[in-house]
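Quick notes on the structure that follows.
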Ligand code: FES
């Protein structure tokens, strides 16, 4: 059988293949991936690779893109491919704030903490004898080639793609362990333990469990983990999920934030395609999830980008003129989530966007040839309304007022770049909480790390999950009303602009 050799980040991966497969499909089965924003239709040019050896000649789409595309290139015989050092890879957040505890590690010489996100995967490798982080690895989740979001993947799994999705998760995990071991110069076999967090669907797919229960009313998971398993020949701990759509990632983020150790009332928000919200009060964690859509990740925005060089990541007014900063100080190519929120905040303050979201102009220039369009503003309204109404509903259900909240923890990569004042200006978070925000980064991974390094926390994480009280938002009249109200932007102006 012919062999494909893939180089990524200086690390070699080999795979035998049969027939004449498309490269992106083989990459996905190897647990490797390239971004595929156009879904492999050859239109976006984002899946570009370098190829040598027996591969198909460039087709018309590749000629137009000016390079080889993983979604078009066909493997014919022995060949070699180099994947670019992905910009997305550099942006995957590995750091998160945990709280240091005593070292009571899981068994073995080395272990890895892993966050299986819907879009990105992150792994940190530790020497268990002293708790040192010795290497890291990150990937775009190869399952994004099947579907971008959780519901799409559940649908695919139920239509016969479950074994493929499971193979993709295991393959990606295996390749990340390998990459981290090569970086740390240790044998792969010496990694004996894994602590793997992720949302409920990601853990279902990793274990090859049918997500049927997650796909239909009453949307109750028939498996909530909080258990040991054998994965890739290693002992792996899968932390407990709280329900079908509030997963182990939030249980771990809650652990890392330390909120359950305190008396004070606290709110934890992870702003993603699926916004997850948890409110800690009197020993109970009230939890909800809300479909915010991908606007804050730059998707569905006409000139939206993820956090890549050239993306506008902050916008402000200076001497009455709009100013913008781009990642890497590159010429502006588009706008990412934090820039989008800043832009809407500034344009609200300057009166160019009305409280209803209406704009007079056909488009609003942010910088260079980058514009914001009325449909983009509508997408921001929908996304922010889902999160803000979710927060309000949880506060209402648990009898909490903004003044009662001691800390608002913002978890996830997006939160780390967010300007809190802009977030409050557009009504994404309650204005009263701006002075109480604590940004905790990839807290899911930090929580998994705590479990890896301190097994006493297995009890803590179980208690957090057991304290969960789910507040359903679907069909909830209070949520529906709050959602309609939150579609409006706050009226009042902040006055001061951030330089
Ligand atoms: S995925 Fe868009 S061109 Fe290949």
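Residue numbers (my numbering): 167 to 665.
Even glycine gets a Cβ: it sits at the ideal position worked out from N, Cα and C.
Being a predicted model, the structure only gives us computed values, none of them experimental.
Could you give the residue range of the alpha helix (DSSP H) that holds residue 171?
Counting along the chain, residue 171 falls outside any alpha helix (DSSP H), though it belongs to the beta strand (DSSP E) covering 169-174.
Which residue marks the beginning of the alpha helix (DSSP H) containing residue 502, and which one marks its end?
No alpha helix (DSSP H) holds residue 502; DSSP gives it neither H nor E.
Keeping to the same chain, check which residues put their C-beta closer than 6 angstroms to that of residue 547; ignore five residues upstream and five downstream.
523, 653
Closer than 7 angstroms by C-beta to residue 551: which residues in its own chain qualify, once you throw out the five before and the five after it? Chain order, please.
649, 652, 653
Spatial distance of residue 601 from residue 348 (CA atoms):
43 angstroms
Scan the stretch 425-468 and note each continuous alpha helix (DSSP H) run of 4 residues or more that stays entirely inside, going in chain order.
none
Indicate whether the contact test is met: 3 or more Cβ pairs, each with one atom in the stretch 192-199 and one in the stretch 338-353, closer than 8 angstroms.
yes
For a test of the three-state rule: what should DSSP assign to residue 281, helix, strand or coil?
strand
Can you find a heavy atom of the ligand FES that lies under 7 angstroms from the Cβ of residue 202?
yes
Output the distance between the C-alpha atoms of residue 693 and residue 371, rounded to the nearest integer angstrom.
The question about residue 693 has no answer, for the chain in this structure spans 167 to 665.
Cβ shell of residue 494 (< 6 angstroms), same chain only, five flanking positions each side left out:
475
Just reading off the beta strand (DSSP E) that residue 591 is part of, what are its end residues?
Element bounds for residue 591: not the beta strand (DSSP E) but the alpha helix (DSSP H), 586-591.
May I ask you to report which of helix, strand or coil DSSP gives residue 524?
coil
Residue range of the unbroken beta strand (DSSP E) whose run includes residue 407
Unbroken run through residue 407: none, as it is neither H nor E.
Close beta carbons around residue 543, own chain, < 7 angstroms, minus the five adjacent residues each side
510, 519, 523, 525
Closer than 7 angstroms: is that where the CB of residue 213 sits relative to any heavy atom of the ligand FES?
yes
Under 7 angstroms from any heavy atom of the ligand FES, does the C-beta of residue 458 make it?
no
Does the beta carbon of residue 207 fall short of 7 angstroms from some heavy atom of the ligand FES?
yes
Helix, strand or coil at residue 210 according to DSSP, with G and I counted as helix:
coil
Presumed contact (8 angstroms Cβ cut-off) between residue 313 and residue 326, rounded CB distance
At roughly 14 angstroms, the Cβ-Cβ gap does not stay under 8 angstroms, so residue 313 and residue 326 are not in contact.
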